Every structure is written in C-alpha cells, then in structure tokens.
Amino acid sequence: MIALSHYLPADTNWKSRDGKSWSLEKLVAEEIEQPIRGAPCGGTHRLFGLAYGCQRRLKATGQLDGVYLRADKFVRDYQKFTFAKLQNPDGSFSTEWFKYPADRSDDIDRKIQTSGHILEWLTASLDQESLYSPRVLAAAEFLTSALAREPSREWKIGPLGHALHALSIYQERVWGVVLPGGIAAFHGPMKAIPSPSQLARRPTDSLPPSGGAAGKPTQH
1274 MIALSHYLPA DTNWKSRDGK SWSLEKLVAE EIEQPIRGAP CGGTHRLFGL AYGCQRRLKA
1334 TGQLDGVYLR ADKFVRDYQK FTFAKLQNPD GSFSTEWFKY PADRSDDIDR KIQTSGHILE
1394 WLTASLDQES LYSPRVLAAA EFLTSALARE PSREWKIGPL GHALHALSIY QERVWGVVLP
1454 GGIAAFHGPM KAIPSPSQLA RRPTDSLPPS GGAAGKPTQH
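In our numbering, the protein residues as written are 1274 to 1493.
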C-alpha cells in the first residue's frame, strides 16, 4: 500500500495475475476491511499505509471522497484511541500494541518496539498542529531518552530502525530540519520543505500509462 501509493499515479488501474482488476481505490477499500490488531507489527504498517494513501490522493486530486474519506476517518479514530487509551505515563505506548493498555516496564526492548512503530505512524499521519501537543512531545522524549541512555546497547535492528525513523519524521515536520547529506524521511506535509536534492525522486517517467470518538475504533 505504501509503495504503490507513492509510486503510482492516483488513477492507476491494473490486472493481477489471476485476471482481477485493481486500482489504488480498491486496494484502500480492501485494507480498511482487514484487521489492525493481530496484523504484523501490531497493525501500524496497515495504518501507515492507509494514512499515506490518503495523503497521496489528496495531493493528486485536492480532495478525499468515497473510500478515502472512510480511510481518513478510520486512521483518525485510531489516533484518538491511541492517545486516549494507550499512552503510558512515561510517554511510551502500550506494549500490547492496539489490543489494550499495557506497560512492560522491565522490558525496554518491547517498549522501544511498540512505541517506535506507533510514533512513526503518528508523526507521519497527524495534522501539523497536533505534532506540537504534549503527548507527541512525551513520546518523542521517551524514545530519545531511552536510546541515549544506552548508546552502546545492541538494539534489534527492526525496532531501532522504526524508532529512529519516527524521530526523523518528527524532526523534519516539527523543526523543518533535514540533516546535511541526508534524504528526507517523510514525503507528506511538513513545516519546512527541504531542497529538492534531499527528496528521494519518484521515477514517474518510467511508469507505464495508467489504464471521532476516543473509544476503541470499530474493528473486525
């Protein structure tokens, strides 16, 4: 979902190997019907994909309608639920992903894993003004402090990568900063836009022609 939304024009249609017709709109509709809880990495990648799909659609067409409006509400409901029910006092997020509130205070690896993934999705999907809220700041401070506290620790590469990506997106969107020589970690709306050379290019020239409430979100 993330890759296709990024590289394909919004109106792209294609056929799968079994002859079924597909489009980005149909893919979004299918993704909304899939479970969040129990999905890989707690469902954060699915939420990230839906949010990014909406961002790309809005940029391409100037509006969200139909299934994209449903997807946008779906993501926003999970944002509200996450802040209202799943954030721990230290700024981290539930060590049981979106299932229920939990804090394995003696398992920093698990806390980095879940909090890094969840903040990564939040920093990439929240409206700009929401990024300055105390809850987002607390989550960013938790990750920063936890990683800085043990600089020589051999963190698992997956959780570490997602935590660092979350902080990179936060830095870019809140401060408008892309480190010298770096490539922007985020391609959605940001406070300050880096120079074109810092943004990964989309190889569009090589593409073929395109043929609410804070309670737990509704989930299957």
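Quick reminder that beta carbons are idealized off the backbone N, C-alpha and C, glycines included.
Since the structure is predicted, the reported quantities are computational estimates derived from the model, not experimental observations.
- Between S1294 and N1286, the beta carbon gap of about 7 Å places them in contact (Cβ cut-off 8 Å).
- The closest CA to that of L1359, considering only Y1280, R1329, T1334, L1392, is found on L1392.
- For P1308 and L1420, the gap between their C-alpha atoms comes out near 31 Å.
- In the structure shown, F1366 adopts extended strand secondary structure according to DSSP, grouped into three states.
- Note that the segment 1409-1424 touches the segment 1372-1392; at least 3 beta-carbon pairs, one per stretch, sit closer than 8 Å.
- Ranked by Cα distance from Y1341, the first of E1298, R1290, Y1405 is E1298.
- Here Y1405 is exposed. Its C-beta has fewer than 16 other C-beta atoms within 10 Å.
- Residue pairing by DSSP puts K1288 in a beta bridge opposite S1294.
- With respect to the 7 Å criterion, V1301 and G1326 are classified as neighbours on the basis of their beta carbons.
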